[in-house]
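Residue numbers (this note's numbering): 60 to 125.
Printed below as a string of structure tokens:
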């Protein structure tokens, strides 16, 4: 897949199945980051990394097409 095709796919409507998957990935990551931050008292970068991975998962699903 070249850059122009990926860019065009990003701006097309995301199929419902992939939108649900992306939303779920992001929500699980945010909940997990919150739980880790509150319960475990880890270094500050760990919850941020978990939330960032969830956001990246959401963005990746925007490239899917039917």
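Glycine included, every Cβ here is placed at the ideal spot set by N, Cα and C. Note that the coordinates shown come from a computational prediction; the quantities given were computed from them, not determined experimentally.
My output table needs one value for residue i: the three-state DSSP class, helix, strand or coil.
{"i": "residue 120", "result": "helix"}
{"i": "residue 125", "result": "coil"}
{"i": "residue 63", "result": "helix"}
{"i": "residue 102", "result": "coil"}
{"i": "residue 71", "result": "coil"}
Would the C-beta of residue i count as close to the ligand HEM, meaning under 6 angstroms from any of its heavy atoms?
{"i": "residue 63", "result": "The ligand HEM is absent from the structure shown, which contains no ligand whatsoever."}
Could you work out which residue in the options is closest to residue i when comparing CA atoms only?
{"i": "residue 107", "options": "63, 123, 89", "result": "89"}
{"i": "residue 125", "options": "66, 71, 62, 63", "result": "71"}
{"i": "residue 116", "options": "61, 66, 87", "result": "87"}
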